[in-house]
Amino acid sequence: MTDKDYEGAAEWAEHDLSLPTNSRTSLRGADAADFGRELVERSRGGRPSIDPEAAPGEKSPVRQVRLPRALDADLEAFASSRKRKPSEIMREALSEYLESHRKAG
């Protein structure tokens, strides 16, 4: 997009955009501006962090693991059936594993 495109979009949003009067999801005024600034700030850091305590732009550590094909297929099917990403399932499973083995001693 060009500066002219952005200016046109801003003009439309500020003057011609109409929002439902009683909308619970539409932001207006200072709330909309704050949300927009936060969104831009988060976008500068790349992909959102999976760590809620991470600073903006801070990257999460990456681990790699090789899986047998059958286990990978099971993971894909399981994640898909729950409309989740395999990485989410793996993080949850690892967290549960570590927690249960800490308790076991």
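Here my numbering is used: the first residue of the sequence shown is 1, the next is one more, and so on.
Here a beta-carbon is modelled for each residue, glycine too, at the ideal position from N, C-alpha and C.
So, are the CB atoms of residue i and residue j less than 8 Å apart?
i: glutamate 41; j: proline 52; result: no
For the alpha helix (DSSP H) containing residue i, list its first residue and its last residue.
i: glycine 57; result: Glycine 57 -> no alpha helix (DSSP H), and no H or E assigned at all.
i: proline 108; result: Residue 108 lies beyond the range of the chain shown here (1 to 105); nothing can be said about it.
i: arginine 69; result: 69-81
i: methionine 90; result: 86-104
i: arginine 37; result: 29-43
i: alanine 13; result: Note, alanine 13: premise wrong, no alpha helix (DSSP H); not H, not E.
Kindly list the residues whose CB is nearer than 8 Å to the CB of residue i, restricted to its own chain and excluding five residues on each side of it in sequence; keep chain order.
i: leucine 75; result: Leu67, Pro86, Ile89, Met90
i: isoleucine 50; result: Ser60, Arg91
Apart from the five residues on each side of it in sequence, which residues of its chain come closer than 6 Å, Cβ to Cβ, to residue i?
i: alanine 13; result: none
Under 8 Å by Cβ, that's how I've got residue i and residue j pegged, so tell me the actual separation to the nearest angstrom.
i: leucine 19; j: arginine 28; result: 7 Å
Near residue i, what residues of its chain come up, given a Cβ to Cβ distance below 7 Å and the 5 sequence neighbours on each side ignored?
i: alanine 10; result: none
Check each candidate in the options and name the one with the smallest Cα separation from residue i.
i: glutamine 64; options: Ala79, Glu7, Leu94, Arg84; result: Leu94
Does at least one heavy atom of the ligand SAM sit under 7 Å from the Cβ of residue i?
i: methionine 90; result: This structure lacks the ligand SAM, and indeed carries no ligand of any kind.
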